[in-house]
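Numbering (the UniProt record's numbering), first residue to last: 1 to 774. All C-beta atoms, glycine included, are put in the ideal place defined by N, C-alpha and C.
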């Protein structure tokens, strides 16, 4: 519901209620006034009727007096010659009428003279009817008066004739002998004079009043009773009264007309006031608010950028100004929030959201000859630095990488658009758009790799943190998710190859990834007892005696065929399969250990490779303890191998676990020594029983001129009570160099390639028959 309708709904009931109240009060007052006015009008109309009656009464009395004292009447009463006296009396009567009334005389005047026996002695009528006779009502009056022997000699009556016309009748008695009033005893001898006049104006007034008030005028000889508050009574003569009681419907009609007039007028005034109020409210309240609401709606729908302030005075103007100020503040805050939402808090460069917005915008743009390339890189060994030196150093390292990378990007901004963002953790991305984006991105990636090849400088200290960089330069259009997936795949390839390198995405890399996904899927669904098996690679001392054997895992899939450990082990570690795989290897090795003892000797030390992530599992020590007890294996005959990379990432917790393993009787070995970043101090701190030289360092140190270095390195390991095993012994020259340097055990294809348990039996049987073999 809009504001105008709401204002109307609020104003209309109030206005109607107030109007009805005022109209009701006014009607009540006016009703009383109308009632009083009607009462006064009735009394006034009867008073006017009384005045008119008295005029006619005065006329009739004067006329009767004139006739009574005229010679003509005396002669009439005394003369016996009828024709003469009738003519004389009629002439005298006409003369008296002209003298008294003139031209304004009543239209009907009659004179009747009745004998004592009520026989008509004379009748004269002045009217338009030449054949007029004494009316029946007049005769009835004469008869009634004759019966009233003690009645007054003179009286006046008001009668209605047969036609309903009014007659004002004056009656008197005269003695014929004296032409005067009779004495009380002479009333039987007296003649009766009856003068009747028609009160024309009074008749008009009577009819008008009866029609106006809807009730007849009631004439009576006695004082009538008032039957209502509106009854009016007027005394016309001492013994003649008139009463008028208006019809109630007459007053009700007047009041009804008053009510209709009042309430219709009040309604019209109310509607006019409401209309004026609505116009004023729309002009000064709702229209400015609606205009402000329209502007706000346009702002919300993106059709308007800013609010306009009007010139409205008062609260509406202040509201508009405050809304504009609030909107401007919100715009400023929104701009800050937009910047914050697109900015990484730690490094103050773009974040993943900003990367996604810009990437989707660039990829959705129309082709314009510019290409897009993505560099996606992560920090090598960042976790070890973060764990060893603390998160503050890790944060400073990330800030330094962001700062130094931004400086390098400045040289590539000419002719290109660059977006540098931190996507997550230690992973960064550089999105580049330009005519030669692929070439520029490759050059930039090589520059980045070179800049961090020797580690990352933070303040005055350099940390062994390099970059693994993935480069994606798509030839065909693709969406951002696919572009990021290509660069991520290339970066993962760089990490898997040892880090500190740039890998360009290729279709072959994608095919390799599909292969890895396939292997991962099979690892999740496979039954290890059906597809996995163990092989063992013995290690011998200088006398050729087998002292230990390394456990190696092999996978022969019914669908994929033989799968190299170099292919599936990294996948298992990345996807979290190492936990159940390592435990299956430990359990199977312990199960086969008694058979191995029978073949290779009772003092055989069995080496098992464990993922370094196993030390993050709190239940690894209880599990190993339970398995060796279950299979009856002496913990001292089980050696657990961890890579040198793990040794470089030692912390207090993992060191505690290694000491706990040794306390349980297990042996601990550093595997692949010589290919990582292990310092002399770290080797010293590492609680290892055995150090296994990687095949690469064996290859390098067995070259001519490196014997002294080989001697010193083995002597160093012996100095810390560690046994040395050399891997990759595949030539007699390597065997000779290692034996001269005092290497404890030799392992390699010259000694024995990895074999299954039944194959080891044949190998050992053949070997024992050939003493010249190592």
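Handout entry: Extent of the continuous alpha helix (DSSP H) run through residue 354
Key = Looking at the DSSP string, the run of the alpha helix (DSSP H) that includes residue 354 is 352 to 364.
Problem - Span separating the alpha-carbon of residue 268 from that of residue 167 - result: Spanning the two alpha carbons is a distance of roughly 52 Å.
Problem - Cβ-based neighbour list, residue 744, same chain, cut-off 7 Å, excluding 5 preceding and 5 following - result: Here residue 744 has 541, 723, 724 and 725 as same chain residues with Cβ atoms under 7 Å from its own Cβ, once five neighbours each way along the sequence are excluded.
Practice task
With distances taken Cα to Cα, identify the nearest neighbour of residue 48 among 233, 481, 503 and 767.
Solution key: Nearest of 233, 481, 503 and 767 to residue 48, Cα basis: 233.
Handout entry: Close Cβ partners of residue 769 (< 8 Å) along its chain, the five nearest in sequence each way excluded
Key = Cβ within range, chain order: n/a, list empty.
Exercise for the section: With a floor of 3 residues, list each beta strand (DSSP E) that falls wholly inside the UniProt domain "GGDEF" (370 to 507), ordered by position along the chain. Expected result: Whole beta strand (DSSP E) segments, 3+ residues: 371 to 379, 417 to 424, 427 to 434, 456 to 458, 461 to 463, 467 to 472 and 501 to 504.
Problem - residue 157 - partner residues in DSSP beta bridges - result: DSSP output for residue 157 lists 169 as bridge partner(s).
Handout entry: residue 190 and residue 110 closer than 8 Å at C-beta
Key = No.
Practice task
Could you check the C-alpha separation between residue 778 and residue 437 for me, to the nearest Å?
Solution key: The displayed coordinates of the chain run from 1 to 774. Any statement about residue 778 would go beyond what the structure contains.
Problem - Start-to-end residues for the beta strand (DSSP E) that takes in residue 191 - result: First-last of the beta strand (DSSP E) with residue 191: 191 to 197.
Handout entry: Length of the line joining the Cα atoms of residue 599 and residue 751
Key = A straight-line Cα-Cα distance of about 16 Å links residue 599 and residue 751.
Practice task
Could you check the C-alpha separation between residue 479 and residue 378 for me, to the nearest Å?
Solution key: Taking the straight line from one Cα to the other gives about 22 Å.
Exercise for the section: With DSSP as the reference, label residue 538 as helix, strand or coil. Expected result: Three-state result, residue 538: strand.
Practice task
Could you have a look at residue 772 and say whether DSSP puts it in helix, strand or coil?
Solution key: The pLDDT assigned to residue 772 is 49, lower than 50, so where the model puts this residue is not dependable, and the model offers no usable value.
Practice task
Check the C-beta distance from residue 546 over to residue 604 and give it rounded, since I have them as a contact under 8 Å.
Solution key: Indeed they touch by this definition, with Cβ atoms about 7 Å apart.
Practice task
May I ask you to report which of helix, strand or coil DSSP gives residue 667?
Solution key: DSSP places residue 667 in strand when its eight states are reduced to three.
Problem - Selected residue, minimal CA-CA separation from residue 408, among 400, 40 and 447 - result: Of the listed residues, the one whose Cα sits closest to residue 408 is 447.
Practice task
Assuming residue 376 contacts residue 470 (C-beta within less than 8 Å), just tell me the rounded distance between them.
Solution key: That pair is a contact at about 5 Å.
Handout entry: Spatial distance of residue 281 from residue 14 (CA atoms)
Key = Inter-residue distance for residue 281 and residue 14 is about 15 Å (C-alpha atoms, whole angstroms).
Exercise for the section: Using three-state DSSP, classify residue 782 as helix, strand or coil. Expected result: The structure shown does not extend to residue 782, since the chain is modelled only from 1 through 774, so no value can be given for it.
Handout entry: Spatially closest choice to residue 777 from 389, 401, 518 and 432, by CA coordinates
Key = Because the chain spans 1 through 774 in this model, residue 777 falls outside it and cannot be assessed.
Exercise for the section: Give the straight-line distance between the Cα atoms of residue 238 and residue 31, rounded to the nearest whole angstrom. Expected result: Between residue 238 and residue 31, the C-alpha separation is close to 36 Å.
Exercise for the section: Report yes if the CB atom of residue 380 is closer than 8 Å to the CB atom of residue 499, and no otherwise. Expected result: Taking 8 Å as the Cβ cut-off, residue 380 and residue 499 qualify as a contacting pair.
Problem - Cβ-based burial, residue 383 [other Cβ within 10 Å; buried from 16] - result: Flag for residue 383 reads exposed.
Problem - Inter-residue Cα distance where the pair is residue 262 and residue 55 - result: Going by the C-alpha atoms only, they are around 41 Å apart.
Exercise for the section: Kindly indicate the opening and closing residues of the alpha helix (DSSP H) around residue 709. Expected result: Counting along the chain, the alpha helix (DSSP H) containing residue 709 begins and ends at 707 to 719.
Exercise for the section: Inspect the beta-carbon positions of residue 153 and residue 172 and report whether they are closer than 8 Å. Expected result: In this structure, residue 172 lies closer than 8 Å to residue 153 by Cβ.
Handout entry: Separation of residue 20 from residue 57, as counted between CA atoms
Key = Note on geometry: alpha-carbon atoms of residue 57 and residue 20 lie some 53 Å from one another.
Problem - Per-residue DSSP class, three states only, for residue 45 - result: Helix.
Problem - residue 550, DSSP secondary structure in three states - result: DSSP, reduced to helix, strand and coil, places residue 550 within a strand of the structure shown.
Exercise for the section: Please name the residue in 712, 691, 368 and 552 whose C-alpha comes closest to that of residue 589. Expected result: Checked all of 712, 691, 368 and 552; the closest Cα to residue 589 is 552.
Handout entry: residue 110 - containing alpha helix (DSSP H), residue span
Key = No alpha helix (DSSP H) holds residue 110; the beta strand (DSSP E) holding it covers 109 to 114.
Problem - Cβ pair residue 519, residue 568 closer than 8 Å - result: Judged by their CB atoms, residue 519 and residue 568 are nearer to each other than the 8 Å cut-off.
Practice task
State the DSSP-derived secondary structure class of residue 639, mapped to helix, strand or coil.
Solution key: When DSSP states are grouped into helix, strand and coil, residue 639 belongs to the strand group.
Handout entry: Rounded Cβ spacing between residue 664 and residue 625 (contact assumed at less than 8 Å)
Key = Right, the Cβ-Cβ distance comes to about 6 Å (below 8 Å), so this counts as a contact.
Practice task
Entirely within the stretch 199 to 229 and at least 4 residues each: give me those alpha helix (DSSP H) ranges in chain order.
Solution key: List check, alpha helix (DSSP H) in window: 200 to 213.
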